[in-house]
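Quick notes on the structure that follows.
In the numbering used here, the protein residues as written are 979 to 1088.
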């Protein structure tokens, strides 16, 4: 007997909580406003907050579900970027492990 699962995307039904442990992570989560000087020149560029970024991605996903080709293209390019960054992070992690693995005392490495 096979079981079929609902593959439809939908809202989360549970509450997600997490803790940010550094000021840097908190600032990144909250984003940053654009700052201009008296002449109207940009002094500090804005950084999109994580909740706003997730909201935009949700809107793009909904547009893709409605067969918007631009939304489909954006999601495909976004996925490629995420996979590329994941590979880059894995490579950096392995480089760090290889760099420091010989410098860790034997008693600590086991």
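Each residue gets a CB set at the ideal place from its N, CA and C atoms; glycine is no exception.
Item, Value
"Which of the three DSSP states, helix, strand or coil, is assigned to residue 1082?", "coil"
"Between which two residues does the alpha helix (DSSP H) containing residue 1004 stretch?", "1001-1008"
"Excluding the five sequence neighbours on either side, which residues of its own chain have a C-beta within less than 8 Å of the C-beta of residue 1007, listed in chain order?", "998, 1027, 1028, 1029"
"Looking at residue 1011 and residue 1024, is the spacing between their C-beta atoms short of 7 Å?", "yes"
"One question on the structure: do residue 1041 and residue 1049 come within less than 7 Å of each other, judged by their Cβ atoms?", "yes"
"Taking the alpha helix (DSSP H) that residue 1038 falls in, what are its first and last residues?", "1028-1043"
"Any idea what DSSP makes of residue 995, helix, strand or coil?", "coil"
"Give the straight-line distance between the Cα atoms of residue 1078 and residue 1068, rounded to the nearest whole angstrom.", "15 Å"
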